[in-house]
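Asker:
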Amino acid sequence: MKIILTGGTGLIGSALIEELVRAKNEIVVTSRAPEKAKTLPRSVKVVKWDGQTAEGWGVEADGADAIVNLAGAPIAPLPWTRARKEIIHASRVNAGQAIVDAVTRAKNKPRVVVQSSAVGYYGLHGAETLTENSKPGSDYLANVCVDWENATALVEALGVRRAIYRTGLVLARQGGILPRMALPFHLFVGGRVGSGKQWMSWIHIADEVAAIQFLMANENARGVFNLTAPEPVRNQDFATALGRALGRPSAIPVPAFAMKLPLGEMAELLLLGGQRVAPERLQQMGFQFRFSTLPAALENVYHR
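Its first residue numbered 50, the sequence shown is counted upward by one per residue in the working numbering.
1. Contact defined as beta carbons within less than 8 Å: I believe residue 194 pairs with residue 225. What is the distance between those atoms, to the nearest angstrom?
2. Across the stretch 299 to 312 and the stretch 232 to 240, are there enough close Cβ pairs to call them in contact, namely three or more that are closer than 8 Å?
3. Can you list, in chain order, the residues of its chain with a C-beta nearer than 6 Å to that of residue 246? Leave out the 5 residues immediately preceding and following it.
4. Cβ of residue 278 within 7 Å of Cβ of residue 248?
5. In terms of alpha-carbon separation, which member of 174, 190, 189 lies closest to residue 183?
6. Are the Cβ atoms of residue 366 and residue 146 separated by less than 7 Å?
7. Hey, how far is the Cα of residue 290 from the Cα of residue 55?
8. Roughly how many whole angstroms lie between the Cα atoms of residue 349 and residue 104?
9. With a threshold of 6 Å on Cβ separation, who are the neighbours of residue 309 within its own chain once the five nearest residues in sequence on each side are excluded?
10. So residue 111 and residue 51 are supposed to be a Cβ contact under 8 Å. How far apart are they, rounded?
11. Count the other CB atoms within 10 Å of the CB of residue 324; is the residue buried (16 or more) or exposed (fewer)?
12. Give me, in chain order, the residues of the same chain whose beta-carbon lies closer than 6 Å to that of residue 58; leave out the 5 immediate sequence neighbours on both sides.
13. Secondary structure at residue 293, three-state DSSP: helix, strand or coil?
14. Going straight from the alpha carbon of residue 326 to that of residue 167, what length do you get?
15. Assuming contact is defined by CB atoms lying nearer than 7 Å, are residue 204 and residue 162 in contact in what I supplied?
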């Protein structure tokens with residue numbers, strides 16, 4: 050298969066490429082910073098793009114089997130200034146619109162576009178269990194996710210199957226949020242954040258990659274899928290499990306105000322709030338998680 054990845058040099062893209070190359074697929078990666086792609090396998094074709102249009106890479110869509118859209122400026126750790134918020138939003142919407150343009154021009158159109166999103170789509174709902182049928186929230190991150198998903202919607206009118214995945218916190222030792230969460234524990238000052246009652250929907254990087262491949266390959270995979278492990282946990286339980294995996298105590302809480310003062314809205318949505326999400330459609334279609342429980346996932350991340 051010929052597979053195009055936009056934004057393929059990040060944590061998820063790099064892990065996905067490793068598996069796709071192992072399976073002898075032809076991989077094309079679009080990147081605004083090709084120098085970051087030097088660590089990718091030599092067989093991967095890297096095409097520079099401006100992050101906004103299909104210029105320079107759109108021709109690759111003609112005859113491709115799949116496009117996986119992972120492009121988007123990092124949500125953290127930079128403060129959410131007005132300018133930063135615009136970059137986060139625009140980088141996602143522009144990438145989606147570029148994909149629609151490339152698919153429109155392609156004579157031999159891809160079979161599927163896999164569109165990334167996040168559980169932030171749902172907003173903050175306390176202990177309510179959220180499924181793919183739950184309504185979107187109304188906060189900044191929810192609005193970003195709605196526009197992010199909608200940006201590639203027009204490919205469906207062109208006869209291309211589209212699968213959207215809303216990911217939870219991806220657990221990987223080599224990057225993402227986990228190393229930042231683990232740092233206080235390494236320094237023996239780890240613990241819950243705020244009340245510790247907020248829910249955390251997570252997924253092991255191996256299951257994240259396997260699920261994306263599942264959505265690419267399964268012709269019946271259309272619409273929205275939650276990419277989260279079947280057993281979300283409260284922040285307090287996450288802190289306890291992380292401390293045990295690292296052999297460190299988890300008894301020193303981080304007060305809510307200590308997060309709100311420097312981070313403001315970011316703290317409310319990413320650290321002090323959360324979502325209790327169920328991967329309902331993924332399980333209904335027969336996907337099997339390797340890591341359903343947090344202790345097993347962290348054991349694999351740190352002690353495999």
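For every residue, glycine included, the Cβ atom is placed at its ideal position computed from N, Cα and C.
Answerer: Walking through what the data contain:
1. Actually they are not in contact, since the Cβ atoms of residue 194 and residue 225 sit about 18 Å apart, beyond 8 Å.
2. yes
3. 283
4. no
5. 174
6. This structure cannot settle anything about residue 366, because the visible part of the chain is limited to 50 through 353.
7. 34 Å
8. 41 Å
9. 316
10. Not a contact, Cβ separation roughly 10 Å.
11. buried
12. 80, 85, 86
13. helix
14. 11 Å
15. yes
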